[in-house]
Amino acid sequence: MSSKRKTGDLVSEEGFGSEAKRQRVVEVEESSPSPPPLPIANPLSGLANYDDDDEEEEEERQGAEQNGSGKGVENGNGGQGIEEEEEEEEEQGYGQGRRNREVERRRDCPYLDTVNRQVLDFDFEKFCSVSLSNLNVYACLVCGKYYQGRGKKSHAYTHSLEAGHHVYINLQTEQVYCLPDGYEIDDPSLDDIRHVLNPRFAREQVEQLDKNKQWSRALDGSDYLPGMVGLNNIKETDFVNVTIQSLMRVTPLRNFFLIPENYKHSKSPLVHRFGELTRKIWHTRNFKGQVSPHEFLQAIMKASKKRFRIGAQSDPVEFISWLLNTLHADLKTKKNRSIIYDCFQGELEVVKEIHNKAFLEKKENSDDQHAASKLTDGGIEHDAVVTETSRMPFLMLGLDLPPPPLFKDVMEKNIIPQVPLFNILKKFDGETITEVVRPCIARMRYRVTRLPQYLILHMRRFTKNNFFVEKNPTLVNFPVKNLELKDYIPLPTPKENQKLRSKYDLIANIVHDGKPGEGYYRVFVQRKSEELWYEMQDLHVSETLPQMVALSETYMQIYEQHQ
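Residue numbering for the sequence shown follows the UniProt record's numbering, starting at 1 and increasing by one per position.
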């Protein structure tokens, strides 16, 4: 039989391919149509060698041609694709027409009791532990390691023979296979593993998340709150952890990323990794009560060109600024809108006063003599001062703390100064003057012209001079609920049928402890379903009193607007 097929192949190579095909079709019509072989109960059937078994192979080929050339069409050149594939496999000597054969599906796998859920961890990168390739990776459900492939010469196949571990899940398609037998396991008891590998949320579930008061239980018996899980500090990555925990409280942002259809058009790995992490944090059926943001950190390192990386402490304010801008750039529509801008973008009116002396110097230094005299909208030139008025969008507002006292008190202890939040918010009342040195000496006045739905404030605690970084220990007194902005800063009058929304509630408060350049970050976040406050530092999550939130050196805050 094999000689007949080889001559047919030779003829087709010489240019008579269509004639050879016609002969094969005639052969098929003359022979009585036999059904495809039934799956054999013997578990070692996948290991049998089909090279010698001419009759079975003939039946196999006839069955494939009668069932419609679905697979051949996939190859792009009809039945010829099957023929070429078979020829290649014969040459290699180990492929027994495996790829053309339907993979057998079985429900009664004898090895299902070897699956060990305690060792499964899908938080790390999906790379083969031997070849370090990310193509076609399977997780061994017995030991939790990742291996590539399913064929006879693959690492997963070798592992199944060496270690006697037989159950594997494809990390991409979520199909479960038994190796070395090669059949697919169709068993609903494995659905919980699929849900942990790739958590899914229906839109109804997403809407009910903030009403859920139920705790979930991990495999080790510990309880955890979905959405309040600890994040693993891989190495000095607490600045990432506190930022993620804070952003998880922003309801529209979280709801957007819980449903992958919302951002399937984006090609950015950072967007998809952030969505994956969001789903893992809010999943109610996790095997353990914490999440490792490993894949997200790898995406950050790549997207930021190692500006933020594992093993180097960074500033959460710099990081959240970079993250929000990068996510916006990856998600924006043609109208420059995105979920990021919808949540966080407000608008400032900036009045800049430049003294004429500095203005003239700037004029001399500029290459174009006319460039300096062209002013933006509302530019007024007096004898001494040039005023420029412009409007600019913002994602967060920076607040300046008063300098700490220079002298110690009688008890030889530094007095820890305190300042109300409303005092430092006066920077944005449109009257208070802020002096800036760069790019030129100027006096600035700021006024908020549009309030965002979520307001991010950051206190400038760290100042850098020529020698070292100093930290300002001033405590800021702020309300946890009902921050009324209109009492302290002038706000724009709303349109006719709109209501002025100027009341905000605190939802996240990031704190820095320790010396500048060292120390660590922790975050206080609110759980909306019970209005309780939790303190989170990496893996540690503990309930705390709202009064404790204001007694720390706050560094960054997120406020939510009353709707």
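Positions of the beta carbon are idealized from the N, C-alpha and C atoms, including for glycine.
For residue 203, tell me which candidate among 260, 437, 159 has the shortest Cα-Cα distance. 260
To the nearest angstrom, report how far apart residue 557 and residue 544 are at their CA atoms. 17 angstroms
If the criterion is Cβ atoms closer than 8 angstroms, does the pair residue 126 and residue 171 meet it? yes
Within a Cβ cutoff of 8 angstroms, which residues of the same chain sit near residue 312, ignoring the five residues on either side of it in sequence? 236
Considering only residues of the same chain and omitting the five flanking positions on each side of residue 490, which have a CB-CB separation below 7 angstroms? Here the set comprises 429, 430, 447.
Return the chain-ordered ranges of every beta strand (DSSP E) run that is complete within the segment 118–147 and spans a minimum of 3 residues. 137–140
Go to residue 178, then tell me how far its beta strand (DSSP E) extends in each direction, as first and last residue. 176–178
Determine, using beta carbons only, whether residue 442 and residue 349 come nearer to each other than 8 angstroms. no
8 angstroms CB neighbourhood of residue 145 in its chain, flanking five on each side removed: Answer for residue 145: 129, 139, 159, listed in chain order.
Per DSSP, what kind of secondary structure is residue 524 in: helix, strand or coil? strand
How long is the line joining the alpha carbons of residue 43 and residue 111, rounded to whole angstroms? A caution first: residue 43 carries a pLDDT of 46, below 50, which makes its placement in the model unreliable, though a value can still be read off. Cα to Cα, the separation comes out at about 11 angstroms.
Over the uninterrupted beta strand (DSSP E) stretch that includes residue 533, give me the two end residues. 532–537
Spatial distance of residue 493 from residue 500 (CA atoms): Distance between the alpha carbons of residue 493 and residue 500: 7 angstroms.
I'd like the span of the alpha helix (DSSP H) that includes residue 341, first residue to last. 339–344
In angstroms with no decimal places, state the Cα-to-Cα distance between residue 325 and residue 152. Roughly 47 angstroms separates the two Cα atoms.
C-alpha gap between residue 117 and residue 220, whole angstroms: 10 angstroms
Using C-beta distances below 7 angstroms, list every residue in its chain close to residue 194, excluding the 5 sequence neighbours before and after it, in chain order. Taken in chain order, the residues that qualify are 174.
Can you tell me which of the three DSSP states residue 220 falls into? coil
Endpoints, alpha helix (DSSP H) assigned at residue 320: Residues 316–331.
Is the separation between the beta-carbon of residue 471 and that of residue 462 shorter than 8 angstroms? yes
Strand pairing of residue 168, partner residues [DSSP]: Answer is 140, 177.
Determine the closest residue to residue 457 out of 225, 345, 520, 537, with distance taken between C-alpha atoms. 345
How many Å lie between residue 155 and residue 166 at the Cα? 13 angstroms
In angstroms, rounded to a whole number, what distance separates the CA positions of residue 108 and residue 187? 8 angstroms
Applying the criterion that 16 or more other CB atoms from any shown protein chain within 10 Å of the CB defines a buried residue, is residue 182 buried or exposed? buried
Contacts around residue 46, its chain only, beta-carbon distance under 6 angstroms, and the 5 residues preceding and following it disregarded: The pLDDT assigned to residue 46 is 44, lower than 50, so where the model puts this residue is not dependable; a value taken from the coordinates is nonetheless given after this. Around residue 46: 181, 182.
Apply the 10 Å Cβ neighbour rule to residue 415 and answer buried if 16 or more other Cβ atoms are within range, or exposed otherwise. exposed
Just to confirm the assignment, what range does the alpha helix (DSSP H) spanning residue 281 have? 269–281
Suppose contacts are defined by Cβ-Cβ distances below 8 angstroms. Is residue 297 in contact with residue 240 by that definition? yes
Rounded separation between residue 503 and residue 531 - CA only: It is roughly 17 angstroms from the alpha-carbon of residue 503 to the alpha-carbon of residue 531.
Could you tell me whether the Cβ atoms of residue 445 and residue 351 are closer together than 8 angstroms? yes
In whole angstroms, what separates the C-alpha of residue 536 from that of residue 271? 24 angstroms
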